[in-house]
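The listed protein sequences correspond, in order, to chains A, B and C.
If you're matching positions, the first sequence starts at 0 in numbering that gives the first Met the number 0 and goes up one per residue.
If you're matching positions, the second sequence starts at 0 in numbering that gives the first Met the number 0 and goes up one per residue.
If you're matching positions, the third sequence starts at 0 in numbering that gives the first Met the number 0 and goes up one per residue.
Cβ atoms here follow ideal geometry from the backbone N, Cα and C, with glycine treated the same way.
Shown next, in structure tokens, is the structure this report addresses.
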Amino acid sequence: MVESPSKRPTLAVFKFASCDGCQLTMLDCERELLAIADRVEIAYFLEARSRTLDGPYDIGLVEGSVTTEHDAERIREIRDQCRTLITIGACATAGGIQSLRNWADIDDFIRQVYASPQYIETLATSTPISDHVKVDFELRGCPIDKRQLVMLITDLLLGKQLRVPRYSVCLECKLKHTVCVAVARGVACLGPVTQAGCGAICPEYARECFGCHGPKESANPVSLARHYQRGQHDPSHLVHLLSNFNAAAPPFRNAAEMLEQNSPLSNEGRS
Amino acid sequence: MPDLPTLSAAPASVDPWQPAFVEIVAIHDETPGVRTFDLAAPHGYTFEPGQFNMLYVPGYGEAAISISSHPKSPQVISHTIRRAGNVTGALFRCQPGDRIGLRGPFGSSWPVGRYRGANVVIAAGGIGLAPLRPAIYQLAAHREDYGRVAVVYGSRHPKDLLYRETFDQWRRADIEVLVTVDFADDHWTGPIGVVPTLLEQLPWMGPHTTLWTCGPEIMMRFTAQQALRQGITPDHLYLSLERNMNCAVGLCGHCQFGPSFVCKDGPVYAYRQIAPFLFVHDF
Amino acid sequence: MASPRIGSWIKIPKERLQQLIDTLASDGYRVVGPRIRDGAIILDDLTDIRQLPAGVVDEQDGGHYRLREDPTAGWFDFVVGPQSLKPFVLPPREPLLQLQRTSETWQTETPEIDDRPVAVLGLRGCDLHALSIMDRVFLEGPYVDPRYEKRRASLFLIGVHCRRAAPTCFCHSLKTGPALPAGFDLGLSELEEHFLLEVGSRRGAAVAARLQGEEPASGEITRARMATRALEQRMHDRPLHGDRRTAGRWLETDHLRDRLLGNLEHPRWSEVAERCLACANCTMVCPTCFCTTVEEVSDLSGDSVTRMRRWESCFTWEHSYTTAGPVHPTTQSRYRQWLTHKLASWHDQFGTSGCVGCGRCITWCPVGIDLTEEVAALGNEVPHA
Chain A
0 MVESPSKRPT
10 LAVFKFASCD
20 GCQLTMLDCE
30 RELLAIADRV
40 EIAYFLEARS
50 RTLDGPYDIG
60 LVEGSVTTEH
70 DAERIREIRD
80 QCRTLITIGA
90 CATAGGIQSL
100 RNWADIDDFI
110 RQVYASPQYI
120 ETLATSTPIS
130 DHVKVDFELR
140 GCPIDKRQLV
150 MLITDLLLGK
160 QLRVPRYSVC
170 LECKLKHTVC
180 VAVARGVACL
190 GPVTQAGCGA
200 ICPEYARECF
210 GCHGPKESAN
220 PVSLARHYQR
230 GQHDPSHLVH
240 LLSNFNAAAP
250 PFRNAAEMLE
260 QNSPLSNEGR
270 S
Chain B
0 MPDLPTLSAA
10 PASVDPWQPA
20 FVEIVAIHDE
30 TPGVRTFDLA
40 APHGYTFEPG
50 QFNMLYVPGY
60 GEAAISISSH
70 PKSPQVISHT
80 IRRAGNVTGA
90 LFRCQPGDRI
100 GLRGPFGSSW
110 PVGRYRGANV
120 VIAAGGIGLA
130 PLRPAIYQLA
140 AHREDYGRVA
150 VVYGSRHPKD
160 LLYRETFDQW
170 RRADIEVLVT
180 VDFADDHWTG
190 PIGVVPTLLE
200 QLPWMGPHTT
210 LWTCGPEIMM
220 RFTAQQALRQ
230 GITPDHLYLS
240 LERNMNCAVG
250 LCGHCQFGPS
260 FVCKDGPVYA
270 YRQIAPFLFV
280 HDF
Chain C
0 MASPRIGSWI
10 KIPKERLQQL
20 IDTLASDGYR
30 VVGPRIRDGA
40 IILDDLTDIR
50 QLPAGVVDEQ
60 DGGHYRLRED
70 PTAGWFDFVV
80 GPQSLKPFVL
90 PPREPLLQLQ
100 RTSETWQTET
110 PEIDDRPVAV
120 LGLRGCDLHA
130 LSIMDRVFLE
140 GPYVDPRYEK
150 RRASLFLIGV
160 HCRRAAPTCF
170 CHSLKTGPAL
180 PAGFDLGLSE
190 LEEHFLLEVG
200 SRRGAAVAAR
210 LQGEEPASGE
220 ITRARMATRA
230 LEQRMHDRPL
240 HGDRRTAGRW
250 LETDHLRDRL
260 LGNLEHPRWS
270 EVAERCLACA
280 NCTMVCPTCF
290 CTTVEEVSDL
300 SGDSVTRMRR
310 WESCFTWEHS
320 YTTAGPVHPT
330 TQSRYRQWLT
340 HKLASWHDQF
350 GTSGCVGCGR
360 CITWCPVGID
370 LTEEVAALGN
380 EVPHA
């Protein structure tokens with residue numbers, strides 16, 4: 000990413016099916032955003048400024064998942080325009096909460112939600128960006144963590160390989176001396192199978208981690224789910240917990256399917 | 000269980016994390032993706048062949064890099080480096096005149112002095128020749144003190160062979176230099192194959208021979224097995240291991256390997272020390 | 000009053016622990032001790048004896064920790080919580096070095112070491128043993144960690160002889176408890192209305208001298224010792240099977256090193272990996288797990304850099320990372336690495352086991368993996384070397 004000193008690298012931010020929360024996290028960077036704007040040319044970021052510059056861009060950040068034919072086309076064009084393409088957030092990285100449609104009948108959804116379903120054109124699935132184009136790096140989270148984003152941009156500017164910790168949320172809890180909610184309160188918490196990066200916010204407020212940063216490296220949600228089941232947690236609750244923002248991430252999906260097969264749950268368990 | 004020691008309020012010890020910032024005096028291209036960085040040695044710096052330094056580029060981190068220069072040239076310390084991660088990537092963007100951090104030297108060394116009178120085989124794979132080069136320099140400088148000396152070296156492609164221009168110097172110092180590659184190109188006339196196979200061309204290997212090897216772990220395992228078959232004893236067989244190094248002084252736990260820490264008990268080990276663990280999968 | 004001798008005992012009414020806290024605070028110590036927070040007993044700032052969890056005990060089992068009131072419990076009849084002394088000598092995060100780019104080179108500055116004296120109340124035998132093990136790692140090798148050294152030297156240690164054990168406690172199998180080893184400044188034993196304080200150091204004597212204690216009555220010292228000895232006997236008598244909430248744990252130490260290092264290819268490693276989450280909790284709560292890693296924190300310009308040391312775990316992918324990939328790529332290899340290091344090769348490196356039998360790794364494992372059970376499953380046979 001090292002450009003000639005006179006020319007700042009250009010940054011573009013694109014939105015697909017998503018809630019805009021990750022883009023808002025970028026705007027929430029406030030103090031850092033000014034420093035970033037000093038060092039990168041924010042060329043395309045509709046949520047922040049109406050002025051846009053044409054591509055190609057050095058850095059492309061993509062929020063959201065692919066849910067329409069048009070999106071599938073557009074992401075390929077964007078890929079061609081961006082030297083480094085980074086997905087931001089659970090939608091772009093794993094399909095997001097809207098990937099729950101992948102297990103349901105989309106036409107049924109459309110009929111229930113829209114008065115004139117004939118005008119709706121959508122795909123039957125919500126898929127991560129990496130299902131469509133090569134992605135250089137995936138920044139997890141729902142939403143993304145602003146410190147991780149600033150660190151990522153710093154690493155890009157310094158020409159470093161992009162990397163975030165792949166360990167569990169538990170490690171962050173323990174670094175902060177947060178008492179484990181699973182062990183001390185009997186709460187079904189996804190922290191042990193979820194990738195760190197959020198700073199372990201939820202357990203700090205005595206509630207469970209619901210996996211918004213997606214599965215950690217070597218995640219073992221099947222073992223965790225079995226343990227929670229023995230602790231008298233309702234399997235349907237565990238299925239719901241696993242079928243959140245990263246429902247389509249394979250380790251979470253497999254564990255949810257295991258729970259469904261081993262319990263009298265029907266397909267409604269997920270929706 | 001030991002009793003707790005009674006601690007006095009002793010002055011804090013020297014900080015092992017403090018680097019010295021030294022100048023890069025020269026950078027040499029070696030092979031594709033490999034360069035040698037010559038650093039101006041800090042005052043009073045000495046090292047033994049096989050030891051390593053922690054090289055530090057602020058903002059990018061530290062990397063453990065073996066020293067590849069002549070131990071008797073104390074003004075310049077050379078490191079032959081393959082570009083692989085963040086730290087080496089940053090080093091490759093450095094220019095002569097830039098300053099980088101250095102801590103060291105650390106770790107154990109090749110037993111050069113212990114084997115006077117014996118035959119010596121140096122078996123290297125790829126970049127693994129770099130940590131052995133200081134030992135070769137010493138053997139060449141004191142050639143008359145040793146029996147037969149051979150360097151057996153292999154790389155994937157001919158273009159990846161390090162220090163090719165010095166092979167003839169070594170040969171002139173009465174060191175046999177046998178070189179092999181995994182994949183030949185149009186100009187290659189030498190052997191094709193792996194280092195362990197090439198050892199068979201040294202029929203003089205036996206109980207009075209010591210073998211020192213460095214390279215990919217799988218290559219060292221096969222080399223060790225072949226050396227044992229050719230009569231070298233587990234006490235006279237030495238390997239240099241690579242593990243994740245963070246502190247280099249045995250305090251961070253990353254390089255823990257069986258009963259030892261690679262940073263302070265290694266990287267150079269006698270085969271006998273580590274044989275029970277060397278062949279355990281993912282250990 | 001003249002300072003009591005090391006090894007002597009004084010008796011104080013229970014409420015006079017307040018005076019102990021106040022005395023230490025007036026000497027400049029940050030006083031920490033057991034307090035309830037978020038459903039667990041942790042070590043935190045202590046200013047008032049009413050903050051102590053008197054009358055509270057802990058239920059502990061694999062993956063399970065709950066507090067409950069017990070009218071028969073004394074002031075210290077709970078056992079160990081998730082924290083040990085570790086954060087007080089090795090903080091979870093700590094800057095090692097600060098760097099600023101200048102036109103020619105880099106200017107380095109060593110951040111000041113936070114070594115305000117800390118007095119810790121309520122340490123158990125296992126905790127003190129763990130500290131002596133950490134001393135071997137950080138103070139007794141060829142390199143000394145100056146940060147650990149400074150903080151360690153300014154620790155004031157107030158131990159408590161245990162009268163109660165959790166089912167997860169197995170100090171008796173490692174001879175690390177339930178009685179305190181030497182090494183404390185003051186050692187507490189609890190009686191009905193009083194505490195007996197054993198003086199363990201000159202520092203401890205100087206503090207004890209200011210507590211207006213009296214000499215214990217005849218037989219009181221024996222009675223206090225008997226309570227802990229009786230507990231040890233009860234721990235030995237606990238059944239090892241049956242109801243895990245009441246059964247005990249036992250780590251068989253006979254030939255343990257060779258049993259582990261001789262069984263590196265045992266099928267149990269892959270079996271435990273099916274349950275293990277590689278979440279790192281066991282290593283975080285372990286009082287002797289000392290792995291750390293250094294993070295390079297840079298501003299956007301790259302001109303200002305801080306090297307931050309933080310706790311690391313051998314259960315992470317990052318721990319064994321090399322450019323050729325991680326040396327321990329699987330949960331199986333990581334669990335084996337942890338257990339064989341802790342219980343086996345630790346002896347080679349530090350002349351002691353790395354385990355003190357505190358049971359934290361059992362309680363705070365989210366799925367309740369029990370190292371005593373894992374070791375037992377490897378069998379009692381010592382394979383040929």
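Which stretch, first to last residue, makes up the alpha helix (DSSP H) that contains residue i?
| i | result |
| --- | --- |
| residue 172 of chain C | 170-173 |
| residue 118 of chain B | Counting along the chain, residue 118 of chain B falls outside any alpha helix (DSSP H), though it belongs to the beta strand (DSSP E) covering 118-124. |
| residue 236 of chain C | 219-236 |
| residue 85 of chain B | 85-91 |
| residue 218 of chain B | 216-228 |
| residue 152 of chain C | 145-152 |
Since residue i sits in a beta bridge, which residues does DSSP pair it with?
| i | result |
| --- | --- |
| residue 78 of chain B | B/36 |
| residue 349 of chain C | Residue 349 of chain C is not bridged to any residue. |
| residue 33 of chain C | C/42 |
| residue 211 of chain B | B/121 and B/237 |
| residue 158 of chain C | C/122 and C/186 |
| residue 214 of chain A | A/193 |
| residue 12 of chain C | C/193 |
| residue 105 of chain C | C/100 |
| residue 65 of chain B | B/51 |
| residue 25 of chain B | B/37 |
Could you tell me the distance, in whole angstroms, from the CA atom of residue i to the CA atom of residue j?
| i | j | result |
| --- | --- | --- |
| residue 196 of chain C | residue 167 of chain A | 43 Å |
| residue 106 of chain A | residue 112 of chain A | 10 Å |
| residue 328 of chain B | residue 143 of chain B | Chain B is shown from 0 up to 282; residue 328 of chain B falls before or after that span and cannot be answered. |
| residue 183 of chain C | residue 53 of chain C | 22 Å |
| residue 261 of chain C | residue 64 of chain B | 33 Å |
| residue 4 of chain A | residue 71 of chain A | Residue placement at residue 4 of chain A is flagged as unreliable, the pLDDT there being 46, under the threshold of 50; the coordinate-derived value follows with that caveat. About 36 Å. |
Does residue i pass the burial test, meaning 16 or more other C-beta atoms within 10 Å, or should it be called exposed?
| i | result |
| --- | --- |
| residue 111 of chain B | buried |
| residue 243 of chain B | buried |
| residue 261 of chain A | exposed |
| residue 240 of chain C | exposed |
| residue 280 of chain C | buried |
| residue 217 of chain C | exposed |
| residue 368 of chain C | buried |
| residue 225 of chain C | exposed |
| residue 178 of chain A | buried |
| residue 231 of chain B | buried |
| residue 241 of chain B | buried |
| residue 263 of chain B | buried |
| residue 37 of chain B | buried |
Name the two residues that bound the continuous beta strand (DSSP E) containing residue i.
| i | result |
| --- | --- |
| residue 97 of chain C | 92-100 |
| residue 63 of chain C | 63-68 |
| residue 55 of chain C | 55-60 |
| residue 158 of chain B | Segment: none, residue 158 of chain B is in no beta strand (DSSP E) and carries neither H nor E. |
Can you find a heavy atom of the ligand FAD that lies under 6 Å from the Cβ of residue i?
| i | result |
| --- | --- |
| residue 15 of chain C | Annotation note on the ligand FAD: not contained in the displayed structure, which lists no ligands. |
- Message: If the cut-off is 8 Å on Cβ atoms, which residues from the region 237-271 of chain B count as contacting chain C, listed in chain order?
- Response: 241, 242, 243, 245, 246, 248, 249, 250, 251, 252, 253, 255, 257, 258, 259, 260 and 263
- Task: Would you list, in chain order, the members of the region 42-70 of chain A that have their beta-carbon closer than 8 Å to a beta-carbon of chain B?
- Result: none
- Task: Could you run through the region 185-214 of chain B and flag, in chain order, every residue whose CB is less than 9 Å away from some CB of chain A?
- Result: none
- Task: For the region 156-189 of chain A, enumerate the residues whose C-beta is nearer than 9 Å to any C-beta of chain B, in chain order.
- Result: 157, 158, 159, 160 and 162
- Got a sec: which bits of the region 41-61 of chain B sit with their beta carbon under 7 Å from any beta carbon on chain C, in order along the chain? 57, 58, 59 and 60
- Message: At a CB distance below 8 Å, what residues from the region 15-37 of chain B approach chain C? Give them in sequence order.
- Response: 15, 16, 17, 18 and 20
- Item | Interface positions of the region 68-94 of chain B facing chain A (Cβ-Cβ less than 8 Å), listed along the chain | 84, 85, 88, 89 and 92
- Message: Please list, in chain order, the residues of the region 248-260 of chain A that have any C-beta partner in chain C closer than 9 Å.
- Response: none
- Query: Of the residues that make up the region 210-228 of chain A, which ones have a beta carbon closer than 7 Å to any beta carbon in chain C?
  - Reply: 216, 217, 219, 222, 223 and 226
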